[in-house]
Structures are given as C-alpha cells and as structure tokens.
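Heads up, the thing below is written out as structure tokens.
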Amino acid sequence: MSAVVLGEGVSDQAKNCFLWFAAVSIAAMSVTRNNHYVPQWYQEGFFEPGRKSLAYVDMTPEQQVLPDGRVIIQNGAWNYTPTSRAFCQRDLYSTFFGTSVNDEIERRLFGDVDTRGSQAVRAFIGADMHEWHDHFQDFFEFLDIQKIRTPKGLAWLQAQYPALTQNELMFEMQGIRMLHCAIWVGGVREIVSAEESDVKFITSDHPVTIYNHAVPPTDRACAYPLDPGIALRGSQTLYPMDRNHCLILTNLEYAKNPSTDPLQKRTFARNYRQSITKIDSVIRERKLTAQEVAEINFIIKKRASRYIGGGRKEWLYPERAVTQPWSELRKTLMPPEFGLFEFGGEIFVKYDSGHVHYQDEFGRTEKPREFLIKKPPDKRLRPGDYCGCGRGRSFKECCQSKPEALRPAWNERSIRERNLMLQNAIVNMLELESGKDWVQIRRELTDEKIGKIYNLYEALWPLETDLLALLPKPDGEARAIYTGSIHPSSITDFALAAPLYFGELIVAHPFVHAGIMKKEMSPTGNPKSYRQEFLKTILFFLNIMPLVDLGIVNLIPDPCDFDFHLRNQMMSMARARAPRFDPKDDSRLQKTMEEGHRRSIMLMPTDAMRRQLRELKPDLNEEEIEAVMRAGVRMREADPLAVLQEGSLEGGKGGGQMSMFKLVPNFEMTMYLAQATGACIVTDSPFRWSEVQGAIRRRYKAATPGLAPLVTDIERSKFAFPQSATDVVAAALSKTGAGYPDLLRDLFKYLSNLEERGAKPNREAQFVSRFAKAHAAAQAGFKKSGVPVKEGRISCVFPPGGIQDNTVNRLLLMSSSERHLSGVPMAFFVEPAEELSGSANGPQSPEQAG
611 MSAVVLGEGV SDQAKNCFLW FAAVSIAAMS VTRNNHYVPQ WYQEGFFEPG
661 RKSLAYVDMT PEQQVLPDGR VIIQNGAWNY TPTSRAFCQR DLYSTFFGTS
711 VNDEIERRLF GDVDTRGSQA VRAFIGADMH EWHDHFQDFF EFLDIQKIRT
761 PKGLAWLQAQ YPALTQNELM FEMQGIRMLH CAIWVGGVRE IVSAEESDVK
811 FITSDHPVTI YNHAVPPTDR ACAYPLDPGI ALRGSQTLYP MDRNHCLILT
861 NLEYAKNPST DPLQKRTFAR NYRQSITKID SVIRERKLTA QEVAEINFII
911 KKRASRYIGG GRKEWLYPER AVTQPWSELR KTLMPPEFGL FEFGGEIFVK
961 YDSGHVHYQD EFGRTEKPRE FLIKKPPDKR LRPGDYCGCG RGRSFKECCQ
1011 SKPEALRPAW NERSIRERNL MLQNAIVNML ELESGKDWVQ IRRELTDEKI
1061 GKIYNLYEAL WPLETDLLAL LPKPDGEARA IYTGSIHPSS ITDFALAAPL
1111 YFGELIVAHP FVHAGIMKKE MSPTGNPKSY RQEFLKTILF FLNIMPLVDL
1161 GIVNLIPDPC DFDFHLRNQM MSMARARAPR FDPKDDSRLQ KTMEEGHRRS
1211 IMLMPTDAMR RQLRELKPDL NEEEIEAVMR AGVRMREADP LAVLQEGSLE
1261 GGKGGGQMSM FKLVPNFEMT MYLAQATGAC IVTDSPFRWS EVQGAIRRRY
1311 KAATPGLAPL VTDIERSKFA FPQSATDVVA AALSKTGAGY PDLLRDLFKY
1361 LSNLEERGAK PNREAQFVSR FAKAHAAAQA GFKKSGVPVK EGRISCVFPP
1411 GGIQDNTVNR LLLMSSSERH LSGVPMAFFV EPAEELSGSA NGPQSPEQAG
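The numbers in the sequence shown follow the numbering used here, run straight up by one, and end at 1460.
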C-alpha cells in the first residue's frame, strides 16, 4: 500500500511570494498583462487530432446598442481559437505599486504551479502508479489553485471580505492555498474515460466544477460566484483532465449511501489537517457513452461563468442532448459500488518509536466518545420542551424561531452541558458539599485529584471537536465576546456582571488542555507543578458557573486547541502585528501579577524561609522568627489562591510551579469569535482596547458622527457592576438592567446595515432616549438592592463598516465557517470609575461565592 501525508501544504515560496515581488525592481522587465487563468498547456489537451485550436463559445457575448435603439449581439462562437486568446483576462493577476505594474504572480507563482501541475495531470492521465506517487500532492495543489485563480474563483474570494484592493486580493489568494485538498483526498477518486465515445469532454473558464444534485443552477446557493460547498455530503468535484479523461471526486459518505442528506456537511469536514491516504486507490474502469459524456459537459457548461471550449463546436451545446432534470444527472457521476472497497476503513501505522497512529475513514485520529453523543429528538419539540441545543432554555425561547443553520448542534453535548458535567465531577472529587471549608479542601488536595480533573476536561473536549458547530451563530441575539484577564481576582470587577449589560457573554475557559502539551509539562503528566494554577482555575470556574448554568455566560475552550493550523496561522498573524505589551500599562493586571509573585515566595520551604529571614532581619530572635512564620501560615490560609501543601516547588523538571497569566482571547481570536457568533467585543484591558482601536485606524475608519450623542451619553455615565455571581444571578432573574441587552441588540443590527442603508437620524435619536431610560431604571435598581458593586465607565466605538481585519476573515474562511459576519459592528471598554461604591476585593472561595 502506498500512502502520503497531505498536510498544510503551503510552501515557503507561496508564503513569501507577495512580499518578495513587492520588493522587486520592475523597471526593466517585460510585463505580462494578458493573464491565462486556464493554462495553455491544459487547453491543448482538448484539441482534436491534427488541430491546434479550440472551438470556443462566449455564453454572454458583448452587445452593441445602435443609435436607432437596435441591439446587436456580437459573435459568441468560434471554431478556431488559439490558446493565446482563450481563457485569459487582462491584469487578472497584476499588482500595482503606484504607476508600476507587476506580473510576478503570473510568471513566478503560477509559472511554478503550472509546471508541476502539468506533470501531475499527465501522470494521472497515465497508468504508472510510481508517477502517481511522485506527483500526488502537486496534483491536488494544482487542482486547488485552479479552482481559485479563475475570474469566478477570485470573485468568490473577494465576496468573503468586505472590501479588497487588487493587491490585497492577490495576497489573500495565496493565503488560502490548499483550502480544499484535505476534503478532496478523503473522498472517492474516479477517472472516467470518453475514449469509446464519439463525444469528448469540454472545459470551461472554471474547470474545477462542483455538482450537488440538491442544488440546481437556479438555486441561490449557485448564484454567481457561488458554488455548493465541497464539504457538503452530496457535492462532487468534476475536473476534465483532457478530451478523454475526467476526474470525479465524491465524498465517501455519499458514495456509500446515496440517500444521505446531500446538504449536510460530511463528517469531520476540516480543511487543514494531516491525512494518510492510499495513493493507488483510483477507480479507472468506466468507459462512458456519448450521452453520459454530454451530461458531464452539460454540468460543466451550467457551472461555467462565461466561456467554454472543446474539440468541436457541436460538443459545446450539450443541452441539445440532455433532457433529464438536474438531480437525475447524479446517476452518471456515482462511482461504481465494486470500486468502493479501496476507500474508507481504518488505518494503523506503527513508527520506529513504538507509537501507533490511528485514522478512521474520515481522517479522525480517535474514536467518537459515546458519552458526548446526543440523540436528536425523534419528533418535533413542543414550545415548552427543553431545547435540543442544551443551552438550558425552553424550545420556544431558544431555537424555535431560528432556522436550523443558525442553531448550535443538537447531536452532541453542548458547551453548557459539558461544563455542568465538569462542575459535578469537581464538586464530588473535592467534596465541596461535605461541609468542609476552603482551607481544609486545599489541605486535602492531592496531585491525583488534580490530574483526574484535568483528565476529565481533556475527555470532555476531544482534540477533533468541531467547536464552531457548538457555538451560537449570528442569530440576532444580544451577545458579546469578553477579552481580558482570566483570573479569579480580576474577573469579578466587570466581566462577571457584564451579561447584565451586553447579553450572553462568551468567556474563555480557564482550564488548559492537557492533550496539546508534552506529557512531562502537562497537568495530567505532572500535576504537582499545577497546584497553584489549579487553584486559580478552580476558583474562576466555580465563581462563574452559576452564570453558565443560568445561560448568560458561555464558557468556551480555546478554538485553537482543536485546530493546530488555526493556531499556527493565528500566532503568525499576531507576530506580524508585533504588538508591544507591557503589564505596567495595566494597573489591575500588574497588581494581579504582583500578588501571584508574593504567593510564589510563600511556597518556599520553611527552612529556606527561616534562613532568608535571618539574612534579611539579623536582629530578630528565634521567637520572633517563629512568630513571623506562624503569621505567614495564617496569611496563606486566608488567601484562597495560596497553595498549602509543603514541597510544592519541587514539582516539574528542576522544580517550580506553573503560573499562567492569561489575557485571552488574543485580538485575532476575539475578532474570529465575534464574527462567528454575531457578537460585539467587551474588554477591560487597556492593551486589548488599543489593539481594537489600531484595527480601526488600519482601515482608515473613524467613529460614526451620527451616533456621537449616544457615545457621549454612554461614556459620561457610570455603571454599577455587582461583585458576586449570586448577586448577578439575582439581578438577571429580576430583570434589573433588562433594557440594556435589548438596546444593544437593536443597535448591533442597525450598525450592521448602516453602510448599505445609510444613517437614519430619527432612529439614532431613539437610541439616545432608550439608553437614558434603561440606564436610569437599571442603576436605580442596583442602588435599591444594596448589593456590593464596583462602578465603571464604558467607552465605545461604532466605526462605519465595523471593525474588520482581512487576516481574521481568512481564518474564518480556513475554518469552514459559513455564517459569520464580515466585521464586528461595535466594541466596548470598561474601566474603573473614579469613585468606587461598596467594592469587593480579591478572589472568592466557593463558600464566599455562595
């Protein structure tokens, strides 16, 4: 069995090409501006024997309007079109620097891709398996770039972004290379032949063609420049390789079960991943009839943009021979059942190290965990039934009014349900309901308990989790992403009560995932070194869980834990921005770090502490030293985050304790989550706020002048933030502040459509009056309740066109996100007001949190 590992695949040349050619001197170059998006060598494969040109059809020929009003349609069909004039467009790939025109993408990038692609296509037309092996990855890389490099492909790419210049478009084209390869390689590969047919295959200006029998050309999902998603189970990819050979790629689930839902995504539809496949698994037995070839040509023509070409002119009108409905054409494309035994099944690979790699037929490296699978309801839910998405609400108030595409997954445990499972395990393992106080629980904490709890978190979140499927979608609900310090001593300041103002708050999970770390550095492999980190994590988790249970906080793991390509891309983008972070710019964060440093000092062995005291205070006698030591013990017991076990600094390689200060999500991931879920951004970090403002400046956008009165009113007001989860829950249940989320929901919708619809002064004046009314009622309610609060001020930005960064849109595109927003309409920064009222300080133990 031959096999290949198909990974992320983007070469250094591809990554650096754009920057390289931007620096090239082009003054003396002969610039190629007539860009062929279908290579000339490829076109030659469709020549009839003895000819050196194509029959060519323009399906939307130019029209000329005469002075008398008559319309003359220009000639739209030619029998003899040389390759130099077919499938080309002026400056399709040209980049512009001032008045200079650069053709390095055409000559350098596509020159290399086409050279390797021509060898690969010819290899697979042939029958030499050694050639298949040598050119396998080049073949799929060429197929991928051929799909995106056409005018239709580039128009599709441009539509994924709010606005791209020509130079930015060329950069993004290179940034998403290899987007489709993992899906293609995981399917059934068949090459059908027209050698025994009088009709031969044709090609088009978009030769990598997607067919889905449930999506006819008239469907809006096929409106130019759209194609059905290749990851949909019923989607098949057609690529005419030459006049006698056509490649058909079929998703495995559909090939095995043609009655499966054609519009549902295939299992494990991840774009960028490593996958092992059998290279010699290609079905090549079918010889098509003239009618079957005409049916494939019909599909190719229907999905073309404007031009088609072939060996003979009559073959370019397949609609004359094809009368079947669109859905019936699938019969010609289905691979034969007898050939499917070569595809699917499980793969085991043992390496010299003894490690055994496992892969199932969908590319997953571990089996599904049964306790996370949830059976969808057998019958339609009634309005009062518990909603199938697991958010803890009735069907009527949750998903009933949403189309299925905007609902979180119903077939597996929800984010909330997994967090409740983790909470129950922690309560039982730490005996939190036994009547023991937090000091006793800390004293009895063992490394075994730490390891088990981290191991359970890893079990609840398999590395191949499709997190986007579990997250809420842009469904019109009031929602916000919180980005800031994930620490129990700072989360209570503003983030804990933020849902009262902004609606559902998405917060990063405090637990680290042991599955992405080396065993010797992980909390399951070396739990002793996580004693300090564990206490911070547990207190944060337990303090916020009442809000998670209520459904006003969505505590989510890091999306990068489940997508290493996403992590690598995100880190690369963050390094390219090169932001400078200094904790001194954030007094709250610096205070938290200083407290953590003091706790680490208290972890010193008692003998070492005594020696240090004698050195620092030589005038102290033994009795005074012991008094200081006893005071230190009392300080440790009084601090809910202090480790009480002796010898904690001996853990890990060389000793020590893991200490993490997390300012998460980072800017890219905050934008990614906000656009994926239809949320605004909320932060209490000055550093993160400066990054948001920097993103606005990079797009040369300013705040919307029409909303200035609302911005002024918000920024000059003070907001009360209750300091305990119990008080936040009570305020949410009593609907204290209920007017804020409704106001921000409507404001979010208004801003999302502002550029295309234009400003409406009357509507903006309504927002001002609504805010004044909601603010007065809510703040009076907080004051009347008498609960401890911290007062804050809120800054806001509502830039025209939203907050947007091309790199983030690229990340979403790479992640197969289909329902995300093109930008984030608004963001908010919460900071302490000058006067504090009844402030609660420091982290709370479980009994303090109630």
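We put the CB at the ideal spot given by N, CA and C, even for glycine.
Check: C-beta atoms of His1175 and Gln1285 nearer than 8 Å; Outcome: no
Check: Glu1143 versus Arg1209: straight-line alpha-carbon distance, rounded; Outcome: 11 Å
Check: Proximity of Gly994 and Arg1026 at Cβ, strictly below 8 Å; Outcome: no
Check: Short Cβ contact (8 Å threshold) for Gly954 with Glu971; Outcome: yes
Check: CB of Ala931 within 8 Å of CB of Gln969, strictly; Outcome: no
Check: In DSSP terms, what Glu1441 is bridged to; Outcome: Arg1403
Check: Collapsed DSSP secondary structure at Pro1453 in the structure displayed; Outcome: coil
Check: C-beta atoms of Pro1156 and Thr1322 nearer than 8 Å; Outcome: no
Check: C-beta contact flag for Gly921 and Phe657 at 8 Å; Outcome: yes
Check: CB of Thr1093 within 8 Å of CB of Ile909, strictly; Outcome: no
Check: Bounding residues of the alpha helix (DSSP H) (the contiguous stretch that carries Phe953); Outcome: Neither: Phe953 is in no alpha helix (DSSP H) and is coded neither H nor E.
Check: Distance, Glu1114 Cα to Gly1161 Cα; Outcome: 7 Å
Check: Cross-strand partners of Gln673 (DSSP beta bridge); Outcome: Ile683
Check: Nearest-angstrom beta carbon gap, Pro817 and Leu842 [assumed within contact, 8 Å]; Outcome: In fact, because the Cβ distance is near 20 Å, the residues do not count as touching under 8 Å.
Check: Through-space distance from Asp754 to Arg916, alpha-carbon basis; Outcome: 20 Å
Check: Simplified DSSP assignment, three categories, for Pro928; Outcome: helix
Check: Per-residue burial, Glu1068 [other beta carbons within 10 Å of its own, 16 or more giving buried]; Outcome: buried
Check: Within 8 Å, strictly: CB atoms of Arg726 and Ala792; Outcome: no
Check: Opposing strand residues paired with Val1292 [DSSP bridges]; Outcome: Tyr1092, Phe1438
Check: DSSP state of Trp1071 mapped onto helix, strand, coil; Outcome: coil
Check: Extent of the continuous beta strand (DSSP E) run through Tyr666; Outcome: 664 to 668
Check: Spatial neighbours of Gln729 in its chain, beta-carbon cut-off 8 Å, leaving aside the 5 residues before and after; Outcome: His745, Asp748
Check: Proximity to Gly919 [Cα-Cα], best of Thr693, Arg1298, Asn1416, Asp1356; Outcome: Thr693
Check: Presumed contact (8 Å Cβ cut-off) between Thr1202 and Glu1074, rounded CB distance; Outcome: Wrong, their Cβ atoms sit about 34 Å apart, outside the cutoff.
Check: Same chain, Cβ closer than 8 Å to Glu1278, neighbours up to 5 away in sequence not counted; Outcome: Met1180, Met1183, Ala1184, Asp1415, Thr1417, Val1418, Leu1421
Check: Boundaries (first-last residue) of the alpha helix (DSSP H) holding Ile1101; Outcome: 1098 to 1101
Check: N-terminal and C-terminal residue of the alpha helix (DSSP H) that Gln784 is part of; Outcome: 776 to 785
Check: Stretch pair the region 1366 to 1381 + the region 1134 to 1141: three plus CB contacts closer than 8 Å; Outcome: no
Check: Helix, strand or coil at Val1378 according to DSSP, with G and I counted as helix; Outcome: helix
Check: Span separating the alpha-carbon of Arg876 from that of Thr819; Outcome: 18 Å
Check: Which residues DSSP lists as bridging Val802, in chain order; Outcome: Cys856
Check: Cut-off 8 Å between Cβ atoms - residues of its own chain near Thr691, not counting five sequence neighbours on either side; Outcome: Ser663, Leu664, Ala665, Tyr666, Gly919
Check: Test item: CB-CB of Val959 and Ile889 under 8 Å; Outcome: no
Check: Cβ separation of Arg1023 and Leu982, assumed to be a contact under 8 Å, to the nearest whole Å; Outcome: 5 Å
Check: C-beta atoms of Phe1438 and Ser1405 nearer than 8 Å; Outcome: yes
Check: DSSP-derived helix/strand/coil call for Phe1297; Outcome: helix
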